[in-house]
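Residue numbers (the numbering used here): 1 to 267. Using N, Cα and C, we set each Cβ at its ideal position, and we do this for glycine too. In this text, all values refer to a predicted model and were calculated from it rather than measured experimentally. Heads up: the structure comes next, in structure tokens.
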Ligand SMILES: [Zn+2]
Ligand SMILES: [Zn+2]
């Protein structure tokens, strides 16, 4: 199993997972033009993607999904709540599921898990290779690590985990108090400290890569986020790598059971 982040942050998210000769995109929060450019940089044809699964209706996750799915023949999936909150999904023929349901793709199954976030019916996703049994978890846009999320992220080989903000930088940052409270709230976004605790909870020897995602550009720093999570993981059986996804450039492939990822060059 291999995984790339095409980009992650408040200006767009997309995560590509490949297993058993099949590819699924988690979120498409970039325009089709940007998606095409970033996939081309990875030498991955757009048409080779089987499906796109949307975690929730916020623009940084859904922006290009309908147009890209129509253009390249991707099956489009979203929860019923997400589809209701973003009507273009229904118009584009999205297949809907309930948060907690499992989606069967050609070579992968994708388990959805309800997340605490200020959206209609948001989910985290766990992709399992049908033949290999290898598991990748994608959990971002969550205000806290609920018991359901914690339980679902066990026994992963690859973990994409939100590390949105440093709590001190958020307090001192540029946002008005209402926005700050929303971000730090129980249905907002995970701090570095919360991400570190959750990563440590799901750490085990088989976890090859923890990829920190959705980093705030004004209230976080990739070096600070990775060092916070690394120091929590140092007290566990984890022997893998920690990296931070970039907003502007693809990163990966992160390969299950492998050493350092080969990071792609900035575009
Ligand atoms: Zn988001
Ligand atoms: Zn969101």
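Just to confirm, does residue 61 get its C-beta within under 7 Å of one of the non-hydrogen atoms of ligand 1?
-> yes
What did DSSP end up calling residue 32 once you bin it into helix, strand or coil?
-> helix
Are there three or more Cβ pairs, one per stretch, closer than 8 Å when the region 185-204 is compared with the region 247-257?
-> No, they do not touch.
Does ligand 2 have even one heavy atom less than 7 Å from the beta-carbon of residue 204?
-> no
According to the Cβ coordinates, are residue 144 and residue 220 closer than 8 Å?
-> no
Is it buried or exposed for residue 237, if we count other Cβ within 10 angstroms and need 16 for buried?
-> Exposed: under 16 other Cβ atoms inside 10 Å.
Can you tell which of 103, 23, 183, 42 has its C-alpha closest to the C-alpha of residue 7?
-> 42
Cut-off 7 Å between Cβ atoms - residues of its own chain near residue 84, not counting five sequence neighbours on either side | Excluding positions up to five away in sequence, the list reads 120.
Residues whose Cβ lies closer than 6 Å to any heavy atom of ligand 2, in chain order = 56, 58, 117, 119, 141
Is it right to say residue 38 is buried, meaning 16 or more other beta carbons lie within 10 angstroms of its own, or is it exposed?
-> buried
Whole-Å CB distance - residue 22 paired with residue 105, under 8 Å assumed = 6 Å
Assign residue 181 to one of two classes, buried (16 or more other C-beta atoms within 10 Å of its C-beta) or exposed (fewer than that).
-> Label assigned to residue 181: exposed.
CB of residue 165 to nearest heavy atom of ligand 1: below 7 Å?
-> no
Residue 215, enclosing beta strand (DSSP E) - first and last residue | That residue, residue 215, is in no beta strand (DSSP E); it is neither H nor E in DSSP.
Under a Cβ-count criterion, where at least 16 other Cβ atoms within 10 Å of its own Cβ denotes burial, should residue 129 be classed as buried or exposed?
-> buried
Heavy atom of ligand 1 within 7 Å of residue 220 beta-carbon | Exclusion of residue 220 from the 7 Å shell around ligand 1 follows from its C-beta lying no nearer than that to any non-hydrogen atom of the ligand.
Based on Cα-Cα distance, which residue from 107, 140, 131, 109 lies nearest to residue 123?
-> Among 107, 140, 131, 109, the Cα nearest to that of residue 123 is on 140.
Run through DSSP, which three-state label would residue 189 get?
-> coil
How about residue 10: is its Cβ closer than 7 Å to a heavy atom in ligand 1?
-> yes
Candidates 218, 160, 57, 231, of which the one nearest residue 175 by Cα | Out of 218, 160, 57, 231, 218 has the C-alpha closest to the C-alpha of residue 175.
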